Amino acid sequence: MNIIEILKEVGRGKRGARDLNYAEAEAAAELIMTQSATPAQIGAFFAAERIKMESVAELEAFVNICRKYTHRFPMQEGIDFAGPYDGRKSSFIATFATAFLLASCGIPVTMHGSAPLPPKWGVTLPLLLQEMGVTSRNMTRETAIHAAKLTGVLFVASEQWCAPLRDMRPIREELGLRTVLNTAEKLVDYGSSPYIVFGVFHNTVFEKTAKLMQNLNYRRALIVQGSEGSEDLFIDRPTRTYLLANGEVSLQVIDPEMYGLDSVVPEHNWTPTEQLRITEEVLQGTASIAFSNQVLLNSAVRLFVAGRVDSIEEGLYTCKPLLENGDAWGLYCHWREAMLRKEIKTGASRSETRMHL
Numbered sequence: 163m164n165i166i167e168i169l170k171e172v173g174r175g176k177r178g179a180r181d182l183n184y185a186e187a188e189a190a191a192e193l194i195m196t197q198s199a200t201p202a203q204i205g206a207f208f209a210a211e212r213i214k215m216e217s218v219a220e221l222e223a224f225v226n227i228c229r230k231y232t233h234r235f236p237m238q239e240g241i242d243f244a245g246p247y248d249g250r251k252s253s254f255i256a257t258f259a260t261a262f263l264l265a266s267c268g269i270p271v272t273m274h275g276s277a278p279l280p281p282k283w284g285v286t287l288p289l290l291l292q293e294m295g296v297t298s299r300n301m302t303r304e305t306a307i308h309a310a311k312l313t314g315v316l317f318v319a320s321e322q323w324c325a326p327l328r329d330m331r332p333i334r335e336e337l338g339l340r341t342v343l344n345t346a347e348k349l350v351d352y353g354s355s356p357y358i359v360f361g362v363f364h365n366t367v368f369e370k371t372a373k374l375m376q377n378l379n380y381r382r383a384l385i386v387q388g389s390e391g392s393e394d395l396f397i398d399r400p401t402r403t404y405l406l407a408n409g410e411v412s413l414q415v416i417d418p419e420m421y422g423l424d425s426v427v428p429e430h431n432w433t434p435t436e437q438l439r440i441t442e443e444v445l446q447g448t449a450s451i452a453f454s455n456q457v458l459l460n461s462a463v464r465l466f467v468a469g470r471v472d473s474i475e476e477g478l479y480t481c482k483p484l485l486e487n488g489d490a491w492g493l494y495c496h497w498r499e500a501m502l503r504k505e506i507k508t509g510a511s512r513s514e515t516r517m518h519l
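In our numbering, the protein residues as written are 163 to 519.
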């Protein structure tokens with residue numbers, strides 16, 4: 163099936179267009195992600211899919227084709243933090259500090275992202291790394307794997323690890339629209355993780371996303387209608403989530419008030435500088451209680467998703483001492499040094515011994 167035939171099926175308008183079956187969608191994804199189709203044809207496909215809305219089969223095909231052309235570094239029994247690549251504008255990126263608290267509990271973590279993309283053009287994780295001094299020049303695969311081996315935290319600059327995503331950037335920027343790739347890029351699974359937390363903006367996509375997670379064979383997954391469509395649970399109100407566990411999907415509303423954590427979030431001008439400053443204050447124990455509580459709640463829930471604790475309450479009891487005694491801060495500092503390729507102290511760190519990566 164060529165791209166013209168595919169466009170005739172998806173581009174007949176909202177009433178006339180039909181979903182592609184998996185084989186057709188896989189053919190379309192291969193043609194698009196290898197740029198065997200022209201930029202005009204690729205743009206037409208993305209726009210038509212945006213109008214029609216992507217099916218589970220179409221999303222799965224794009225995920226699998228992206229995975230086909232991706233480098234990986236398996237993180238044994240790790241968890242993937244899958245947040246929006248178009249970034250954040252009005253909320254704290256709690257997932258960044260959460261990664262180091264979770265890794266200090268002994269769970270390997272994979273984070274990933276790129277420079278800002280449409281439609282939001284917000285603050286993304288690589289911009290936080292740039293504030294630390296980790297530029298695109300030293301954000302290499304070799305450096306990321308080195309840091310992951312030392313600390314259990316893998317950060318992936320997606321366009322270095324998945325060339326088709328890099329090649330698609332000019333078209334996506336020119337379109338300025340959300341496309342099928344806004345979902346697919348979050349599921350590339352750079353760390354071969356059996357567990358994932360995945361952010362969505364609308365609760366209308368819960369069931370579709372849950373089916374996609376099942377098809378992709380995640381052992382356990384939490385789909386979160388979080389801050390700005392992120393995987394971060396709110397701390398000032400309940401968060402709607404879908405939990406996939408043991409092949410079953412259930413709606414879970416997670417209310418911070420149930421755990422004595424509900425807090426009023428202070429207003430901030432969320433630049434990369436502010437995001438990094440608050441992250442480091444949380445890990446050092448000097449941040450506003452709202453941001454600290456948000457990281458604690460997100461960490462406890464993700465411990466539960468990864469099957470390391472039997473309840474969110476147990477997760478809180480596990481995480482709180484590691485934040486208070488400086489373990490999470492120490493691991494963050496060690497990871498930052500490794501990402502900056504500074505001289506690393508000899509001898510295995512506590513995290514190395516615990517992770518067995």
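Every residue gets a Cβ at the ideal spot worked out from N, C-alpha and C, and that includes glycine. Since the structure is predicted, the reported quantities are computational estimates derived from the model, not experimental observations.
Quick one: grab the DSSP three-state call for E369.
Here residue 369 refers to the residue found at position 207 when the sequence shown is read from its first residue. DSSP places E369 in helix when its eight states are reduced to three.
If we call anything under 7 angstroms between Cβ atoms a contact, is P400 one with D424?
Within the sequence shown, the letter at position 238 stands for residue 400. Within the sequence shown, the letter at position 262 stands for residue 424. The answer is no: Cβ separation not under 7 angstroms.
Run the CB neighbour count on D472, radius 10 Å, all protein chains shown included, and call it buried at 16 or more, exposed below.
Within the sequence shown, residue 472 is the residue found at index 310, counting from 1. Counting Cβ neighbours within 10 Å, D472 comes out exposed, since fewer than 16 surround it.
Any contact of the stretch 437 to 444 with the stretch 248 to 263, i.e. 3+ C-beta pairs under 8 angstroms?
yes
Evaluate the contact criterion for the stretch 361 to 368 versus the stretch 382 to 400: three or more CB pairs, one atom per stretch, below 8 angstroms.
yes
Over what stretch of residues does the alpha helix (DSSP H) that includes G469 continue unbroken?
Within the sequence shown, residue 469 is the residue found at index 307, counting from 1. Here G469 belongs to no alpha helix (DSSP H), and DSSP marks it neither H nor E.
Out of A185, S450, M375, which one is the CA nearest neighbour of H430?
Residue numbering aside, residue 430 sits at position 268 when the sequence shown is read from its first letter. Of the candidates A185, S450, M375, the one whose C-alpha sits nearest the C-alpha of H430 is S450.
So what does DSSP say about D489, is it helix, strand or coil?
Counting from one through the sequence shown, the residue named residue 489 turns up at place 327. DSSP places D489 in helix when its eight states are reduced to three.
Give the DSSP-derived three-state secondary structure of D242 in the structure shown.
As a first step, residue 242 is located in the sequence shown; it is residue number 80 there, counting from the start. DSSP places D242 in strand when its eight states are reduced to three.
From F207, Q456, K482, S412, pick the residue whose C-alpha is nearest to that of E369; which is it?
Counting from one through the sequence shown, the residue named residue 369 turns up at place 207. The shortest C-alpha separation from E369 is found at S412.
Does the stretch 218 to 230 touch the stretch 337 to 344, meaning 3 or more C-beta pairs lie closer than 8 angstroms?
yes
Decide if E186 is buried, meaning its Cβ has at least 16 other Cβ atoms within 10 Å, or exposed.
Along the sequence shown, one-based indexing puts residue 186 at 24. Buried, since its Cβ has 16 or more Cβ neighbours within 10 Å.
N365: buried (16+ other C-beta within 10 angstroms of its C-beta) or exposed?
In the sequence shown, residue 365 corresponds to position 203, counting from 1. The residue in question, N365, is exposed, as its Cβ has fewer than 16 Cβ neighbours within 10 Å.
For R381, does the three-state DSSP call read helix, strand or coil?
Along the sequence shown, read from residue 1 onward, the residue named residue 381 stands at position 219. Three-state DSSP puts R381 in coil, outside helix and strand.
Run through the DSSP bridge pairs and tell me what Y404 is partnered with.
In the sequence shown, counting from the first residue as 1, residue 404 sits at position 242. Note: Y404 sits in a beta bridge opposite I385, L413.
Assuming D242 contacts D351 (C-beta within less than 8 angstroms), just tell me the rounded distance between them.
Locating residue 242 in the sequence shown gives position 80, where the first residue counts as 1. Locating residue 351 in the sequence shown gives position 189, where the first residue counts as 1. About 6 angstroms separates the two Cβ atoms, so the contact holds.
Measure the alpha-carbon distance for L263 versus V172 and round it to whole angstroms.
Counting from 1 along the sequence shown, the entry for residue 263 is found at position 101. Counting from 1 along the sequence shown, the entry for residue 172 is found at position 10. Between L263 and V172, the C-alpha separation is close to 44 angstroms.
Kindly list the residues whose CB is nearer than 6 angstroms to the CB of H274, restricted to its own chain and excluding five residues on each side of it in sequence; keep chain order.
Start at 1 with the first residue of the sequence shown, and residue 274 comes out as number 112. Taken in chain order, the residues that qualify are V318, S320, Y352.
By the 10 Å Cβ neighbour count, where 16 or more other Cβ atoms means buried, how is T508 classified, buried or exposed?
The count along the sequence shown starts at 1 and reaches residue 508 at position 346. Caution is warranted here: a pLDDT of 35 is assigned to T508, below 50, making its placement in the model unreliable, and the coordinate value is therefore given only provisionally. Under this definition T508 is an exposed residue.
Under 7 angstroms between the Cβ atoms of R331 and V285?
By 1-based counting over the sequence shown, the position of residue 331 is 169. By 1-based counting over the sequence shown, the position of residue 285 is 123. Cβ distance not < 7 angstroms, so R331 and V285 don't count as in contact.
Counterpart residues of A319 in DSSP-defined beta bridges:
Within the sequence shown, numbered from 1, the residue matching residue 319 stands at position 157. Note: A319 sits in a beta bridge opposite G275.
Could you tell me whether the Cβ atoms of A468 and C481 are closer together than 7 angstroms?
Taking the sequence shown and counting its residues from 1, the one referred to as residue 468 is at position 306. Taking the sequence shown and counting its residues from 1, the one referred to as residue 481 is at position 319. Contact flag unset, no.
What residues in its chain sit with their C-beta under 7 angstroms from that of S355, if we drop five residues either side in the sequence?
Reading the sequence shown from its first residue, position 193 is the one you call residue 355. So the qualifying residues of the chain are M237, G240, I241, D242, T272.
Same chain only: Cβ atoms within 6 angstroms of A199, ignoring 5 sequence neighbours per side
For the purposes of this step, residue 199 is taken as residue 37 along the sequence shown, with counting starting at 1. These residues qualify, in order along the chain: I165, L193.
What does a CB cutoff of less than 6 angstroms around D181 pick up in its chain, not counting 5 residues either side in sequence?
Your numbering for residue 181 matches position 19 in the sequence shown. S217.
Terminal residues of the alpha helix (DSSP H) in which F207 lies:
Position 45 of the sequence shown holds residue 207. Where F207 is concerned, the enclosing alpha helix (DSSP H) stretches over 201 to 214.
For Y352, report the span of its beta strand (DSSP E) as first-last.
Your numbering for residue 352 matches position 190 in the sequence shown. First-last for Y352: undefined, no H or E at that position.
For T371 and R402, what's the separation of their Cα atoms in angstroms?
Position 209 of the sequence shown, counted from the first residue, corresponds to residue 371. Position 240 of the sequence shown, counted from the first residue, corresponds to residue 402. Taking the straight line joining both Cα atoms gives about 14 angstroms.
Give the straight-line distance between the Cα atoms of L349 and A244, rounded to the nearest whole angstrom.
As a working mapping, residue 349 is identified with position 187 in the sequence shown. As a working mapping, residue 244 is identified with position 82 in the sequence shown. Near 7 angstroms, if we compare the C-alpha coordinates of A244 and L349.
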